[in-house]
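Numbering (the working numbering), first residue to last: 29 to 321. Note that the Cβ used here is the ideal one computed from N, Cα and C, for glycine as well. Because the structure is a prediction, the values reported are computed rather than measured. First up is the structure itself, then whatever we jot down about it.
Written as structure tokens, this is what we have:
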């Protein structure tokens with residue numbers, strides 16, 4: 029009997045190869061490829077954290093030695109919370125030291141309720157009754173992590189943002205619609221997208237000792253938070269924001285290439301920033317993402 033089953037399976041495989049059959053998914057969603065493994069992520073599926081995922085969240089509460097960060101900020105979805113311990117951030121003085129009781133008392137001066145932050149998933153603890161029960165632990169010790177200021181925030185469904193080699197990208201280098209303004213976009217795996225003017229000095233500051241890096245990062249972030257954007261820069265940031273909203277409305281993947289394509293199409297078609305989210309305009313400026321190459 030086992031030999032007959034093996035023969036039947038072998039015949040089926042030969043038939044599939046000879047007929048050049050295609051894989052057909054049993055559900056609608058976004059295709060995720062990992063080598064030869066193909067998965068389909070269902071629309072509106074909740075965000076599933078993985079270690080190392082960059083996220084954009086909002087501080088919802090402060091307790092003893094940790095901040096509670098909301099990862100899902102869509103109004104029509106359940107709240108997903110994570111914890112950011114005091115030991116998981118860089119102190120304002122940039123020193124690597126043991127956290128004291130005085131640091132715990134001044135936590136609100138570092139991050140307060142309502143602040144937007146970028147962080148990474150350090151650990152996903154097993155057990156508990158769900159993701160929202162605080163079993164996700166974050167850390168914000170890398171150069172790109174910390175409090176987000178002087179920019180624009182957009183929340184999209186998490187399944188529209190895939191995991192890429194670089195989630196923090198610089199847009200507008202030689203592209204139409206950016207008017208020589210370089211914009212940084214952080215594509216959080218939880219669906220949070222942060223848009224700001226590019227801090228090019230932050231890339232060059234990664235050389236040198238760790239202590240010098242933290243001191244330089246604090247200075248660059250402080251200068252960026254106080255910098256006032258010009259009218260041209262505000263228009264470009266707003267155009268990028270509306271391009272992401274347009275991709276969200278047509279359920280298109282939010283990638284650096286698609287964002288630049290929609291921004292360029294809106295500029296070439298002569299749409300002002302305020303007109304980009306009209307129903308007729310959305311269909312036209314996102315048409316470039318549906319062209320088969």
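The segment 161 to 239 is shown to contain whole beta strand (DSSP E) runs of 3 or more residues at 164 to 167, 180 to 183, 196 to 199, 211 to 215, 220 to 225, in chain order.
In this structure, the beta-carbon distance from residue 265 to residue 307 does not fall below 9 Å.
CA-to-CA, the gap between residue 164 and residue 261 works out to about 36 Å. Residue 251 and residue 56 have their C-alpha atoms spaced approximately 46 Å apart.
Assigned with DSSP and collapsed to three states, residue 53 falls in coil, not helix or strand. With respect to residue 187, residue 71 sits close: the two C-beta atoms are nearer than 9 Å. Here residue 264 is not bridged, per DSSP, to any residue.
Within its own chain, the residues whose Cβ lies closer than 7 Å to the Cβ of residue 136, once the five positions on either side in sequence are excluded, are 90, listed in chain order. Secondary structure at residue 93: coil, using DSSP grouped into helix, strand and coil.
Going by DSSP, residue 77 is part of no beta strand (DSSP E) at all; its letter is neither H nor E. Looking at 182, 313, 172, 191, the one whose alpha-carbon comes closest to that of residue 77 is 191. Under the rule that a run must span 3 or more residues, no beta strand (DSSP E) segment is found entirely inside the segment 269 to 320.
Annotation for residue 209: 200, 260, 261, 264 place their beta carbon closer than 7 Å to its own, counting only its chain and skipping 5 residues before and after.
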